[in-house]
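Order-wise, the sequence lines are chains A and B.
Residues in the first sequence are numbered consecutively from 272, following the numbering used here.
Residues in the second sequence are numbered consecutively from 272, following the numbering used here.
Quick reminder that beta carbons are idealized off the backbone N, C-alpha and C, glycines included.
Protein chains: 2
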Amino acid sequence: MKERRETLIGKRVPRPDAYAKVTGAAQYTDDIVLPGMLHGAMLRSPLAHARIVRIDSARARRLPGVKCVITGQDVPAVRYGNWRLVPELQDETALAAEKVRFVGDEVAAVAAIDRDMALAALDLIDVEYEELPGVFSVAEALAPGAPAVHAEHEDNVSLVRKIDYGDVERAFAEADYVREDVFTTHPVSHAYMEPCSVVAQADRDGRVTVWTSTQTPYYVQCLLARTLGLRENDVRVVKPCVGGGFGGKMELRPWEFAAAWMARATGRPVKITLSREEELACGRRRHPVTITSKIGFKADGTITGKEVTARLDGGAYNGMGPTATFLIGNFGAMLYRFPSYRYDGVYVYTNNPPAGAMRGFGAPQALFAGETQLNLAARELGIDPFDLRMMNAMRPGDEIPGVATVGSCGLRECLEQVRALSDWDRRRARREPGEGLGLACYSFISGGVFNWFDTKYPFSSAEVKVFDDGTAQLTTLAADIGQGSDVVLAQILAEELGLQVADVRLVTGDTATCPQSDLGTWGSRVTLMAGNAVRAAAQQVKRRLFEIVSLKLDLNVIHELECGDGHVYAKSKPQRRIPFGEVVAMAQRANRGEPLKASGYYTPRDCGLVSPAFSFGAQVAGVKVDLETGGVGVTGMYTVHDCGTELNPMAVEGQLEGSIQMSLGYALSEELVMDAGRTLNTSLLDYKIPVAEDMPPSLSKTVATFEPAGPFGAKEAGEGLACPTAPAIAHAVLEATGFCCKDLPITPAKVLAHLAATDPERAG
Amino acid sequence: MKERRETLIGKRVPRPDAYAKVTGAAQYTDDIVLPGMLHGAMLRSPLAHARIVRIDSARARRLPGVKCVITGQDVPAVRYGNWRLVPELQDETALAAEKVRFVGDEVAAVAAIDRDMALAALDLIDVEYEELPGVFSVAEALAPGAPAVHAEHEDNVSLVRKIDYGDVERAFAEADYVREDVFTTHPVSHAYMEPCSVVAQADRDGRVTVWTSTQTPYYVQCLLARTLGLRENDVRVVKPCVGGGFGGKMELRPWEFAAAWMARATGRPVKITLSREEELACGRRRHPVTITSKIGFKADGTITGKEVTARLDGGAYNGMGPTATFLIGNFGAMLYRFPSYRYDGVYVYTNNPPAGAMRGFGAPQALFAGETQLNLAARELGIDPFDLRMMNAMRPGDEIPGVATVGSCGLRECLEQVRALSDWDRRRARREPGEGLGLACYSFISGGVFNWFDTKYPFSSAEVKVFDDGTAQLTTLAADIGQGSDVVLAQILAEELGLQVADVRLVTGDTATCPQSDLGTWGSRVTLMAGNAVRAAAQQVKRRLFEIVSLKLDLNVIHELECGDGHVYAKSKPQRRIPFGEVVAMAQRANRGEPLKASGYYTPRDCGLVSPAFSFGAQVAGVKVDLETGGVGVTGMYTVHDCGTELNPMAVEGQLEGSIQMSLGYALSEELVMDAGRTLNTSLLDYKIPVAEDMPPSLSKTVATFEPAGPFGAKEAGEGLACPTAPAIAHAVLEATGFCCKDLPITPAKVLAHLAATDPERAG
C-alpha cells in the first residue's frame, strides 16, 4: 500500500458561507434585533472648518421617542487612532467638541425609538458655528499662512517619512538618461456593499458588547474601551458577516463610540447604520497623492537610482495615513533593483474628509506613478517595456535595504508569461488606430511587520480543538470580511490534520471567545499570519496524536507519522493507521477525558520592517480609445501573478476579478468630486463603479513559487493585484493616443483635451 | 505591613444578571429573532395509548404559509435518552411512529410563517388511531395480563434496583420495635417561569445551531446529533438566559429535534415555544412513588435496620427515572446510621405523561416516607423526635456502604440548633388545639459520581484567561438556569485570583466556545464540580504569575506567594507586591505576547458511586390546622442546614426561600390531577402553586462545616432543602390533629376525613 495522501492545497473549495450570503440568510450587523433596541443617527458638520460656538440639544431631547442625545460637550474628548505606538498621531475624538474639520465631522448623536425619530431629532439640534477658512488641497495647506487644521500642527504637516540609501545624487550624475514626472491621484470610495453598522448593548455593570461591521475587532475593542474609559476587556466586540471593507473598516469609528455610549446611558441596545450617502459624502477614501518621481538609467536600461516625493492629502485626520505615507515610500522601490533610492513623504492635513487605508494601502498611487514613468522611460530609451523590466526585475534573495530580504519572487516569470499570454509582440505590432496595449507590474506585502498598533499580543492566534467524531474546530479572531479567508484557514487546518474541509468548523469574530489576538484584515495579512498560527496549533495537536499512534501501533522509533485521508498513519507503512477520531478518543482517554486542544501563534520576527513575504505580478491591458468621445474601452486584461502556492484557486480568481473591477473604476470612472471640502457625488448614480457589463474579458495565470514564510508556501493575492490595472491602462492609452495621463482618472475630457491639443483640426 | 487579604467567600454578592432580568432586558430563547425565522408547533396525541394507523398531513402541507410538516414516518426513529451507559434504557423517539403512549406524545411538527398558521396546520393533520387499553397506575401496570406500554417490557418493568447490606432479617428479629408503613406521593410540575423554547438554525453544510432553554447544553448536543444523524460537533447548542429548570429541562426534547430537523429541511430558522398548557398537560413531572418502609429499633431508639421498596410510576418513558430509582434507594439510608439496609426499587411504565428529574431527584419522596415514619416511631417509642435523630444521626467519616464515606457532616449541630431556633420544647409543650410543630431532616448529594451519560469528557471544565487590564475571564459550559451559579463561580475565581467579582467576566452556555465539557445543572453539582474546575484553572494561572513575581522581586525561595487585593504578593512580606495586571503584562511579555490562560477540569474520582459530598439539615414547621375546613396553615418555618462553607449567603437564602415555596406546594396544594392518563388541571388557575402571600415567616441558620471535596469548603444548598418541608408539615399536622397523612398532598379533604372518622359528631 502506497501513501496516496489527498491534498487540499490548490483545491477549488467553495466558501461555507456562500449559500447563506446569496440567499439572504447570512446575518449582518443591521440584521441584528435585540429586545428594546433603539435606533441612532449621527449629526454631522455641514461646514468644512468651523468653531463650535454653541450646541443646544434641548429641543431634540424633548421630542417624544428620543431617549438620548450626546454632543461633544457631553462626553470626554479622548483622542484615539490606530497609531498607538506614536500617541501624537492619535488626533481624533469621537464627537467634535470645539471645532469641526471636515464636512461630515461628527458633532452629536441621537438614539430614539426608531430611525425616523432619530433623524427628526437631528434636525432639532441647534449648532451655532463660527466658520473658519479651510484648506482643500495639499498646495493650499502647505501655503505660508494657511489656516491650521489642527492647532498642534501650524504647518498642516502631520508626519514626514524619509528613506535614503545608496547615493542618489551620484546615481543621477552617472546616469545616461534621467527623467522626472509628477503624478496626481484622486479620492475614491471603497464602495463596499454593506454600509457601516453597529449595535451596542451595555450590561448594568458597565460592560459593553458591540456588534459591528469591522475588519479589526481587536482594534475596536482596544480603542473603544479607551474612549469609553473602560478596561480593555470590559468591551466585547463581535464581528457578524461583513459585506466588504477594503481598508475602510479598520479603525474605531464615531458611531461605534456613540452607540456604545448611548447604550450605557439608556440601558437599552442601540443600533446605528450609515446610509450610502453618508458613506460617500464623509466616509474614508483612498488618499489623493501628488508624487514626483525622478529616475536615472544607464543607456542599456539599467536603473541607477530613484527619488520620490509624495504629498498625501490626508483630509482632516490621520486615520491610517501614516502607514500609507510609509508604504508609498516602500512601494516606490520594491519591484526592481534600485541601487539608490531616496524618499520624502509628507502627510498633509486638509479640510477634506479624512482618507484612510484602501486596498493597496499606498501601492495603487505609488505604482501608478512608478510604472507609468517606467513606460515613458522605455519609450524614450527605445527599449521594449518588457525588456526594460526584465533586466531590472527583483529576484529571489534580493535585499530591499532597511525593509526585507525577498524570499520567493516570480516577477521575471510573470513578465515572460504575460508577454506570451497577451500575445504582446504580435498584437502590439498590428494594432489599429485608437488601440493600445499597456503593461504594469506590482509587488505587494503579505501583512505588516511594523507594530504601529503597539499590540501586546501575537499578531495572529488560533485555537484548534479536535474531537472523537473526526472533526476539528478552529477558533480565531482572524476576520473574514468577504475576502474568503475563512475557507482558506479551514483548508489549512484540514490539510494539516488530514481531514476534509467539511470536517472543520470555525468559530470567529468575537473578542471574548476567540484567542488573543489577531490584528484583523488589512495589508493582505490573514492567509499568511493567521494561516501560520493555525498550522502552529495544528502541529501541536498532531504531536500528541503521533504519541498515541506510536504507542498503540508499537511503532519503531524511526517511523515518521502523518495525518491524511482521515487517519493518522506511519508514512513508510501507510497501511499502519488509525482513524483520526479514534486517535483523538484515545488521546482523550489517556488524558482522563480532558479535551485535546492547542493554541498556535504567529508574530513576524527577524524579517525586516515591512512584511515577511512579497507577491509579484505583471498585467497587460488592451484598450480601444474612442477618438470621437475620448472614452477608453478596456478590451482585455491579461494577468500573470505570483502569490506563492495558490491555496484555493477559486478564491484567488475571485480576488483577481474584484481587483480588476475596482481598479477599472479607479483608472477610468470613479472619483469623489470635491468642491471646497464638500463631496458632490454622494449616490451610486453619480459615483460610477463599474458594473458587470463593464468588465473586460480577462485571462490569467499564476506562476509556481513557494514562499518559505507562508503556510504551505502561500503569500498574498488580491491587494497587490489592485495596483497594476490603472498604470497598465494608462500605458495602453499612451500607446493608443500618445497621451500619457499622469492625473487619474483617465476621463474622456482629459483624452479629448490631449487629442485637441495635438490635432490642429480639433483645436478649432 | 500585615497581610489583610479581603475575602469574597461568604460575601453577599448580587448576581450580575439581576438587573437585566428584572428590567426585561435579558434575552431568553423566545426573545431571539432571526432573519426569515419560521414558527413551529407540535401535534400531540389526544389518546393515552394507541396504535397510529395512518397519518395524512397533505391538507396541512397545502395550507399557505406552512413550510414544513414532519411526522414520525418522515424521520428516522432514533431512540435516545440520557442513560447512554445502558442503551436499553433509551426508549424514546422524538416523534411517535407506530404507537403513542401518553396524552401529549408528540406525533408531528409543523413550521409555518407564524405561530397561528402553525397551530392552524396542526388541526389539518389527520391521524387515525386504534386506541389500546392503557395502564394508569403502578398497580394497573403490574397486574397480570396488563397491556404493555413498551413491547420490549411485557411486565411494564423498565428497571429494578436493589441495595442490600448488613443482615436486615436479623436486624428486624433482634429489634425491640418494628414498624412498616406505606407512603404514596403524587405528580407535581416544575412550573418554571419560562416555558420551554427552542430556536434552530441550519447551515447549508448541515451544521445546526440550537438556542434552547436547557439545563444541559452538552446532553442536548450529543443526543440531538445522534437523532439527526450528525456528528456530535455538527450540533452547536447555545443556552440563553433560562427561566428555571428544576430538573425539567435536562433531557433532549422532541421540539428541539423538530425545530432542528425543520430548519435543515427548510433552510430557515425555526422557533418552537411551548404554551403553559402544554407544559402542565404533557411536561415532565415529579415521579409519583409508592414506598413501603419497614424499620426496626432497639428500645432505646437505636436503629437496627431498614427495608424499603419503591414503585415509581414512570409514565410512558424512562426519562431520568432510572436515576430516581437509584437515588430513592440511596436517600432511604443516608441520614442515619443504618447497620443493615435493603432496598428494592422498581421503575414501572404506565400510560401517564413521563415523569423526570425534579428538585430533589427522588429525595422528596424518599424523605417524606423516611422522616414521617421516624416521627411515627418516635411517638410509639415515646422518644422525642429530636432525641431519636440525635442518637442515630450520621457523623463525619461515617461510611454509607457502597455509596461513599461522608466527609463533612453537621447533622447533629443542625438538629441542636433548629431545636433552639424553633423554641421546640417550649412551644411544643404549650400548643393550642389545632397547632402542631413538626420536624424533618434531609441529606443530599453535591453532584453525581455515576457516569450514566457515559461522557468522554471531564464532568466540569473551565478556561481562565487573565488580562493586563487587571481582569479575568471565565469560560465554562456550567449552566446558570436561574439558580445563581454564575455569580458563585465568579466569586470563586475572583477569590482565587485576589480580584473583585466585577473584575471577572463570564462566557458561558455555548458548546462551541466553552471548553468540553460540563454536564450541566442537576443534582446540585455546579458549585462543587464547576467550582473545583475553576479553581484548578486559576491555580495554574497563579503558578505562572508567581514565577514572574519571584523573578521580578528577586524573592528568596522560601517565600510563599498569594493573590489578594488586586496584587500578587509575598505572604510573609505583603508590602512586596505587584499589581495583578502588571504581573499579567510581564508574563505575557516573557512569553512573547502569548496570552496567559489555563484550563481546569474536575471529575469526581475515588469517592464512591453517588456523590463526593453530602449536605445535611433539619427543619421545623409550625402549623395551625383549621378544624372546620381541614385547611393547613403553615405558621412558621425554622431551618438549620449544613451546606459547608456558605460562598454567597444571599444565594443560599434564595435557595432556601425557593425550596420552602416549592415544597409548600408539594405538601399542601400542588397536584397534577389525572384521569386515565389525562392531566385535568392545565393552567396555573387550577394548578395551585403557593404565591407570595402564602409564604410563612421563616428563620434560618447554617452551621459551619468545611467540606474537603468542595471549593473553599462548599457543598450543595437548595435541592436538599426541598425535601424536609413536606414531612415536617406532615409531622406538624400529626401533632396538631393525630392524623398522619401518608399520601401527599395533605389536602383539607384528607384532614377532614380523618377528623370525621375520629370524631363521632362529625361522622354524621
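Distance cut-off 7 Å: residue i Cβ against heavy atoms of the ligand PLP
{"i": "B/Arg847", "result": "The ligand PLP is absent from the structure shown, which contains no ligand whatsoever."}
With 16 other Cβ atoms within 10 Å as the buried cut-off, status of residue i
{"i": "A/Met272", "result": "Low per-residue confidence applies at A/Met272: pLDDT is 47, beneath 50, and the placement is therefore not dependable, though the value from the model is reported in the following sentence. So A/Met272 ends up on the exposed side."}
{"i": "A/Val962", "result": "exposed"}
{"i": "B/Ala312", "result": "buried"}
{"i": "B/Ala700", "result": "exposed"}
{"i": "B/Pro488", "result": "buried"}
{"i": "B/Asn504", "result": "buried"}
{"i": "B/Val1004", "result": "buried"}
Beta-carbon spacing of residue i, residue j below 8 Å
{"i": "B/Lys241", "j": "A/Asp739", "result": "Missing from the structure shown is residue 241 of chain B; chain B here goes from 272 to 1035 and no further."}
{"i": "B/Gly590", "j": "B/Glu527", "result": "no"}
{"i": "B/Gly681", "j": "B/Ala1001", "result": "no"}
{"i": "A/Arg613", "j": "A/Glu578", "result": "yes"}
{"i": "A/Ala884", "j": "A/Gly678", "result": "yes"}
{"i": "A/His838", "j": "A/Gly893", "result": "no"}
{"i": "A/Pro559", "j": "A/Thr456", "result": "yes"}
{"i": "B/Val513", "j": "B/Gly295", "result": "no"}
{"i": "A/Thr996", "j": "A/Asp913", "result": "no"}
Pairwise C-alpha distance: residue j and residue i
{"i": "B/Pro540", "j": "B/Pro624", "result": "29 Å"}
{"i": "A/Asp447", "j": "A/Arg650", "result": "15 Å"}
{"i": "B/Val381", "j": "B/Arg286", "result": "38 Å"}
{"i": "A/Trp695", "j": "A/Asp362", "result": "49 Å"}
{"i": "B/Lys972", "j": "B/Thr910", "result": "6 Å"}
{"i": "B/Glu402", "j": "B/Leu318", "result": "7 Å"}
{"i": "B/Leu880", "j": "B/Val720", "result": "6 Å"}
{"i": "A/Ser821", "j": "A/Arg776", "result": "28 Å"}
{"i": "B/Glu990", "j": "B/Gly794", "result": "7 Å"}
{"i": "A/Cys685", "j": "A/Leu764", "result": "30 Å"}
{"i": "A/Phe724", "j": "A/Ala628", "result": "14 Å"}
{"i": "B/Ile819", "j": "B/Arg276", "result": "21 Å"}
Beta-carbon proximity list for residue i, same chain, < 6 Å, skipping 5 on both sides
{"i": "B/Arg386", "result": "His310"}
{"i": "B/Gly1035", "result": "Confidence is the limiting factor: at B/Gly1035 the pLDDT is only 46, short of 50, which leaves the residue's position unreliable, though a coordinate-based value still follows. Excluding sequence neighbours, B/Gly1035 sits near nothing in its chain."}
{"i": "A/Asp781", "result": "Val509"}
{"i": "A/Cys994", "result": "Gly631, Ala634, Pro635, Leu638, Tyr713"}
Sequence-distant residues of the same chain with beta carbon closer than 7 Å to residue i, five excluded per side
{"i": "B/His424", "result": "Tyr620"}
{"i": "B/Ala419", "result": "Glu425, Asn427"}
{"i": "A/Tyr351", "result": "Gln361, Glu363, Leu494, Arg497, Thr498, Leu523"}
{"i": "B/Gln688", "result": "Val911, Lys972, Val974"}
8 Å Cβ shell around residue i - same chain, five flanking residues per side excluded
{"i": "A/Ala297", "result": "Asp288, Ala291, Cys512"}
{"i": "A/Tyr299", "result": "Glu465, Ser468, Ser484, Pro511, Cys512, Val513, Gly514"}
Exercise. Give the residues from the stretch 381-414 of chain B that approach chain A closer than 9 Å (Cβ to any Cβ), ordered along the chain.
Key: none
Quiz item: Which residues, in chain order, does the stretch 780-799 of chain A contribute to contact with chain B at a C-beta distance below 8 Å?
Solution: Asp781, Ala783, Thr784, Pro786, Gln787, Ser788
Quiz prompt | Contact list for the stretch 465-479 of chain B against chain A, Cβ threshold 9 Å | solution = Gln472, Asp474, Arg475, Asp476, Gly477, Arg478
Practice problem: With 7 Å as the C-beta to C-beta threshold (strictly closer), list the residues of the stretch 754-777 of chain A near chain B in chain order. | Solution: Ala773, Arg776
Quiz prompt | Contact residues within the stretch 732-747 of chain B, judged by C-beta distance below 9 Å to chain A | solution = Ser732, Lys736, Phe738, Asp739, Asp740, Gly741, Thr742, Ala743, Gln744, Thr746
Quiz item: If contact means a Cβ-Cβ distance below 7 Å, which residues of the stretch 498-516 of chain B contact chain A?
Solution: Arg502, Glu503, Asn504
Quiz item: If contact means a Cβ-Cβ distance below 9 Å, which residues of the stretch 523-551 of chain A contact chain B?
Solution: Gly538, Arg539, Pro540
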